[in-house]
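Number of protein chains: 2
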Amino acid sequence: MAIIVQKFGGTSVANAEKIRAAAKKTIKAVKNGYQVVVVASARGKQTDQLVADALEINPDPSPREMDQLLHTGEIQTVALYAMALDEMGYDAISMTGYQIKMVTDNNHSKARIKSIDADRIHKYLNQGKIVLIAGFQGINDEEHVTTLGRGGSDTTAVAIAAVLHAEICEIYTDVDGIYTTDPRIFKDAAKINQISYDEMLEMASLGAGVMHSRSIEFGKNYNVKIHVRSSSEDKEGTIITHEVPQMEDIVVSGATIQKDLAKIGIIGVDHKPGNAAKIFSALATAKVVISDIIQTEINNEKANISFTTSTSDLKAAKKAVDSLKDALNFEKVFVREDIAAISVIGVGMRTHYGVADKMFNALAKEKINIDSISTSEICISCIVDEDQAEKALAAVCRAFDLDKPAEKRITKG
Amino acid sequence: MAIIVQKFGGTSVANAEKIRAAAKKTIKAVKNGYQVVVVASARGKQTDQLVADALEINPDPSPREMDQLLHTGEIQTVALYAMALDEMGYDAISMTGYQIKMVTDNNHSKARIKSIDADRIHKYLNQGKIVLIAGFQGINDEEHVTTLGRGGSDTTAVAIAAVLHAEICEIYTDVDGIYTTDPRIFKDAAKINQISYDEMLEMASLGAGVMHSRSIEFGKNYNVKIHVRSSSEDKEGTIITHEVPQMEDIVVSGATIQKDLAKIGIIGVDHKPGNAAKIFSALATAKVVISDIIQTEINNEKANISFTTSTSDLKAAKKAVDSLKDALNFEKVFVREDIAAISVIGVGMRTHYGVADKMFNALAKEKINIDSISTSEICISCIVDEDQAEKALAAVCRAFDLDKPAEKRITKG
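Have a look at this one:
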């Protein structure tokens, strides 16, 4: 019997009415002949409330106790979900992370899954039960409660789908799928029917917040087909899957905008081997994530080095750089926070040329200055002035027909 | 190193401020040189809220899912309690019922404890940690969550104290100890310094609601000294312990009033061997708890049989009795709900005479009619009219000096 895993986020199970609506989707899958496993998050603002309760008692609570506190929210949801299904005449059982032996490493608040007791889930499915699993949580080898961090329930769902060899993992959410770009910024964004894990990973890491990167990595590594769809409407959403040949016909699948960026420039660094390494080693020690490193020679003795980072890492990055002033003998450091990155993503770039050219032309036509450029195999990013960023995104989207469904794009291969 | 177990009820941990106040009592015990284990209930009205959430979804939720839902409240409290102790500079760790392997039988919502992993608790205590244990909850042999029912956290605390061979189990509550009778009804009631398990069991079963009977039974069976005391004031409460010789000098330790009683009388039952057995067998089948059975012969052929039960069991009792009309050939059934029981309790009764006499005289002096009387080794109960019950309680309390501390009672042996 084929298995479906359905995941419902906090807004989709926020109250009794929404839990009942979610339960109806579960029952529909049962009626379609599937064994169904549901993974749910904590209801609505429950987790926020628990975090507030904790901070009222201790401004810096230990991650171990924070996990112990927060994992209760998901348990409440699945117990209530089981009651809802029972009331509708369906046999259901709720399970905690511990009860399905969701064993993780010891990293409280950002644990990684090591193993899951699939047999126990199969046992209840084979008894004709719908199995409801509290998302976001696990236990480590010593049976302390761990949590998987932001977006953790997505990862729970995809991991469960992987170990059960589920036909599909449905992610029910408050949007009806993945869009070519953020529809709040570019209102003509088109819904994507199908996207590859690699493209989705790039989009997630570049700020498209529908799914957490880790769950997509999991899906890619364990070959789990993921369907992101609306919890309020009954229509198809976006399938995230392995690359299929027709995906390569689409040069650009999506575009992103990142505004929480900062650029640090170090002017007049001594042009000596090893100096760049000193900078990036100091930044790594300070746990600063960086991108877009640019080094330009001024003359034989001096060079400028700049890089971008997120605004949340800026303070730590500035401190790390400043600490090297004597060692590197640089002249000064400048910081720019008024920048944004516009990126285009598509596995089709691997086999098509001219994407960068088309992107730069689209920006030039709108008189948008490009500060710097970085590229990967399936992504091109341009740093632009923040106040031109939304105009830049729109220009790029129009250039690559991202306001049209994939099958209608003239920029197809 | 001696161990103390401290239990805090829901009102004593209702918010951040109260959790901090409770934590200070824990720290005081640590400073006094004890290893400390804390058992806590769900905060304030959290359990009520969860019950309401459940009933909104399913008017008749399964006990298994109800236990899964409700056990989260206690986990939240102990995680927050650990954060509070941490913030005050003390090393603490919270544990769920599962994490200390609190194994129970399968009776969801009223499970009985089978075993506890004391080694795990000792391990953390020996690391210098304060161990916080979520009350009320356990797991059965299949690792499903169970709960111990009303007053369950008291039972958790006493059971933990038993397996750890704790010096004492402190029950912190919103009253400052056990009183000779309910101070809301007889305002001159005196606080009891020391009371035996047997007396406390009688008082609990007769409606004195401070502690649940099961936890007292546990204390008696495993020799756990229990100290019921105030969570808001720092003064001695009531010690519940094994009988000590001086307890026998006090003829009557306390008095109770039970108002939720009903009496059923069966008039004109055929006076044949086995007829009474038929009645009480039918009541047992209907799970009706009864007391004070009285049979009076009318003549050689007919007898009257009456008994008391709680008003909550009345409907089931009446139905069971009515079903026997043909078999027993009785004339009619009457029901009285306007009755109450006044009881006096004291282990001293075992060795002192005249208690019943003094009680009846006290009631007679106030012109209170006694409907029926029942006695046990350490308890005498009189059924009276409900509207005379409070006057009756006061009369009995004064007769046995229950408005004075034990050491000042002239009725001492």
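Protein chains in written order, with this note's numbering: chain H, 4 to 416; chain G, 4 to 416.
Think of the CB as a built atom: it goes at the ideal place given N, C-alpha and C, for glycine as much as any other residue.
Just grab the DSSP bridge partners of G/C385 for me. G/I345 and G/I376.
Inter-residue spacing [alpha-carbon to alpha-carbon] between G/L73 and H/H125: 26 Å
Give me the Cα-Cα distance between H/K415 and H/V254, rounded to the nearest whole angstrom. Below a pLDDT of 50, predicted positions are generally treated as unreliable, and H/K415, at 48, falls in that range; the measurement from the model is reported next regardless. When rounded, the distance between both Cα atoms is 6 Å.
Would a check of beta-carbon distances place H/A45 closer than 8 Å to chain G? no
Shortest alpha-carbon distance to H/V81 belongs to which of H/P66, H/I142, H/F11 and H/K31? H/F11
Other residues of its chain near G/Y93: CB distance less than 7 Å, five sequence neighbours each side excluded: I30, V33 and I133.
What in chain H is Cβ-close to G/Y101, meaning under 7 Å? Y101
Is G/S379 buried or exposed, if buried means 16 or more other CB atoms sit within 10 Å of its CB? exposed
Short check: CB of G/D295 to CB of G/F310, under 8 Å? yes
For G/N315, which three-state DSSP category applies? It should be pointed out that residue 315 of chain G corresponds to Ser in this sequence rather than to Asn. It is helical.
What does the Cβ neighbour count give for G/I6, buried or exposed, with the cut at 16 atoms within 10 Å? So G/I6 counts as buried.
Pop quiz: H/G222 and H/V161 are said to be a contact at Cβ under 8 Å. What is the actual Cβ separation, rounded to whole angstroms? Rounded, the Cβ-Cβ distance is 5 Å, consistent with contact.
Indicate whether at least one CB of chain G lies closer than 8 Å to the CB of H/S118. no
For G/V134, the residue or residues it bridges with in DSSP: G/V40 and G/I96
In the DSSP assignment, the alpha helix (DSSP H) including G/S124 goes from what residue to what residue? Just to set this straight, residue 124 of chain G is Ile in the shown sequence, not Ser. Where G/I124 is concerned, the enclosing alpha helix (DSSP H) stretches over A121 to N129.
What are the boundary residues of the alpha helix (DSSP H) that includes G/V81? P66 to E90
Going by DSSP in three states, G/Y225 sits in which element: helix, strand or coil? Helix at G/Y225.
Need the endpoints of the alpha helix (DSSP H) that H/Q49 sits in, please. Under the DSSP assignment, H/Q49 falls in the alpha helix (DSSP H) whose first and last residues are Q49 to I60.
With distance defined between alpha-carbon atoms, name the residue in H/L327, H/N224 and H/G180 nearest to H/A280. H/L327
Closer than 8 Å, Cβ to Cβ, to anything on chain H: give me those residues from the stretch 336 to 357 of chain G, in chain order. For the stretch 336 to 357 of chain G, there are no residues whose beta carbon sits under 8 Å from a beta carbon of chain H.
Take every Cβ of the stretch 380 to 393 of chain G, pair it with every Cβ of the stretch 358 to 367 of chain G, and state whether three or more of those distances are shorter than 8 Å. Yes, they touch.
Using the C-alpha atoms, what's the distance from G/Q102 back to H/I146? Here the sequence assigns Glu to residue 146 of chain H, which means Ile is not the residue at that position. Approximately 7 Å, taken between the alpha carbons.
Could you spell out where the alpha helix (DSSP H) holding H/A409 opens and where it closes? It is not in any alpha helix (DSSP H) - H/A409 carries neither H nor E in the DSSP assignment.
Please say whether G/A193 and G/L405 have beta carbons closer to each other than 8 Å? yes
Let me see if you follow: with CB-CB separation under 8 Å, is H/T75 close to chain G or not? yes
Any beta carbon from chain G within less than 8 Å of H/M86's own beta carbon? It does; some Cβ of chain G falls within 8 Å.
Thinking C-alpha only, which one of H/S234, H/E220 and H/S235 is nearest H/K228? H/E220
Closest to G/R232 by CA distance: which of G/V213, G/Y225 and G/M250 is it? G/V213
Chain-ordered chain G contacts of H/S97 [CB-CB under 7 Å]: E68 and Q71
Proximal residues to G/D388 (C-beta, below 8 Å), its chain only, five neighbours per side dropped: D341, I342, A343, I371, N372 and D374
Quick one: grab the DSSP three-state call for G/K322. helix
Cβ-Cβ distance between G/M105 and G/Q52 below 8 Å: In this structure, G/M105 sits away from G/Q52, with a CB-CB distance that is not shorter than 8 Å.
Exposure of G/D201, with buried meaning 16 or more beta-carbon neighbours within 10 Å: buried
What span of residues does the alpha helix (DSSP H) with H/V262 cover, start to end? Contrary to the premise, residue 262 of chain H reads as Lys rather than Val in this sequence. Segment G257 to D273 is the beta strand (DSSP E) holding H/K262; no alpha helix (DSSP H) there.
Only counting the same chain, and skipping five residues up and downstream in sequence, which positions put a Cβ closer than 6 Å to that of G/N110? If the five residues before and after G/N110 are omitted, its C-beta is found closer than 6 Å to no C-beta atom of its own chain.
With DSSP collapsed to three states, give me the class of G/K305. strand
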